[in-house]
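Data block below; observations after.
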Amino acid sequence: MQTGQHVWFIGFMGAGKSHWAARTADVLGLPLIDLDAALQAATGRTVAALFDELGEAGFRALEAEEVRRVAGLTAPHVIATGGGTPELPGVWPLFETTGRVIWLDVAWPELAARLSSERDTRPLLAGPDWEGRARALWLKRRPVYARALEVWRAPSEAQVQALALRLQSTR
Ligand code: S3P
Numbered sequence: 099m100q101t102g103q104h105v106w107f108i109g110f111m112g113a114g115k116s117h118w119a120a121r122t123a124d125v126l127g128l129p130l131i132d133l134d135a136a137l138q139a140a141t142g143r144t145v146a147a148l149f150d151e152l153g154e155a156g157f158r159a160l161e162a163e164e165v166r167r168v169a170g171l172t173a174p175h176v177i178a179t180g181g182g183t184p185e186l187p188g189v190w191p192l193f194e195t196t197g198r199v200i201w202l203d204v205a206w207p208e209l210a211a212r213l214s215s216e217r218d219t220r221p222l223l224a225g226p227d228w229e230g231r232a233r234a235l236w237l238k239r240r241p242v243y244a245r246a247l248e249v250w251r252a253p254s255e256a257q258v259q260a261l262a263l264r265l266q267s268t269r
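Heads up, the working numbering is the position in the sequence shown plus 98, with the first residue counted as 1.
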């Protein structure tokens with residue numbers, strides 16, 4: 099498998115993975131894959147419905163299958179992962195042998211503010227004390243996300259352009 103081809107965006111729910119992956123795909127002229135959207139298209143179900151019908155374990159199995167499919171694509175893509183994707187067993191070697199990983203690291207108060215208005219589509223944020231549970235999950239996941247070699251803390255158009263320049267010089 100060719101190395102360095104895909105650009106994988108990782109980070110917690112609400113970090114802006116879909117937005118910045120789409121911008122990056124545009125600037126690089128590469129196709130975009132949003133893992134959650136791809137799963138929804140493949141199953142005809144929303145993420146919330148998949149959690150309801152299959153449970154979280156069933157959703158994770160589908161997510162892992164989708165990551166393997168995408169990792170196996172020979173053409174380079176920009177990929178927005180789900181917040182839990184980096185915790186899937188065996189996923190990091192797939193990320194690292196098929197491209198580069200960019201972590202969108204957003205401070206908790208900012209994430210909480212964004213997520214409070216976007217809870218409906220996210221089954222992990224349903225129910226009481228969503229903010230306490232989400233913050234605990236964010237704290238647990240940060241060391242997992244931190245394996246990424248590249249971290250964007252204040253993503254901007256300039257950062258996307260800088261990435262494009264770096265990639266052009268290595269391709
Ligand atoms: C999840 C994040 C969601 C989606 C699912 C589970 C998670 O994606 O995959 O609800 O475990 O953090 P986003 O990060 O795009 O919200």
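Note that the Cβ used here is the ideal one computed from N, Cα and C, for glycine as well. Just so we're clear, the structure is a prediction, and the values are computed from it rather than from any experiment.
What does residue i pair with, by DSSP beta-bridge criteria?
| i | result |
| --- | --- |
| E248 | I200 |
| Y123 | Note on identity: in this sequence residue 123 is Ala, with Tyr being the wrong assignment. In the DSSP output, where bridge partners are listed per residue, A123 has none listed. |
| D132 | A178 |
| W78 | Past the edges of the chain, shown from 99 to 269, lies residue 78, and the structure says nothing about it. |
Candidates the options: which alpha carbon is nearest residue i's?
| i | options | result |
| --- | --- | --- |
| E248 | A139, A173, I200 | I200 |
| I108 | A260, P253, L265 | P253 |
| L237 | S215, S214, G182 | G182 |
| A224 | V168, A146, A139 | A146 |
| W118 | Q257, T268, L265, Q266 | Q257 |
| A244 | D203, L130, E194, T172 | D203 |
| L263 | R239, R217, V125, L209 | V125 |
| R168 | L130, P187, F157 | The sequence shown places Val at residue 168, rather than the Arg named in the question. Of the candidates L130, P187, F157, the one whose C-alpha sits nearest the C-alpha of V168 is L130. |
| A234 | T219, A210, R166, A120 | A210 |
Between which residues of its own chain and residue i is the CB-CB distance below 7 Å, once the five residues before and five after are set aside?
| i | result |
| --- | --- |
| G180 | L133, D134, E161 |
| L261 | T122 |
Ligand 3 and residue i: does any heavy atom of the ligand fall closer than 8 Å to the residue's C-beta?
| i | result |
| --- | --- |
| A119 | Among the ligands present in this structure, namely ligand 1, ligand 3 is not found. |
Since residue i and residue j are thought to touch, with beta carbons under 8 Å apart, how far apart are those beta carbons, to the nearest angstrom?
| i | j | result |
| --- | --- | --- |
| G114 | L213 | Between L213 and G114 the Cβ distance is about 12 Å, and since that is not below 8 Å, they are no contact. |
| L128 | P191 | With 8 Å as the limit, L128 and P191 do not qualify as a contact, their Cβ atoms being about 22 Å apart. |
| E154 | R143 | With a Cβ gap of about 14 Å, E154 and R143 do not count as contacting. |
| I177 | W250 | I177 to W250, Cβ: 15 Å. No contact. |
| W228 | R217 | 6 Å |
| E194 | V242 | That pair is no contact at about 14 Å. |
Spatial neighbours of residue i within its chain, please: CB distance less than 6 Å, with the 5 preceding and 5 following residues excluded, ordered by chain position.
| i | result |
| --- | --- |
| L137 | L160, E164 |
| P221 | A146, F149 |
Looking only at its chain, what residues have a beta carbon closer than 8 Å to the beta carbon of residue i, apart from the 5 residues adjacent to it on each side?
| i | result |
| --- | --- |
| R198 | G102, H104, V105, W106, L247, E248 |
Could you name the residues, in chain order, whose CB is less than 5 Å away from a heavy atom belonging to ligand 1? M111, D134, V145, G180, G181, G182, R220
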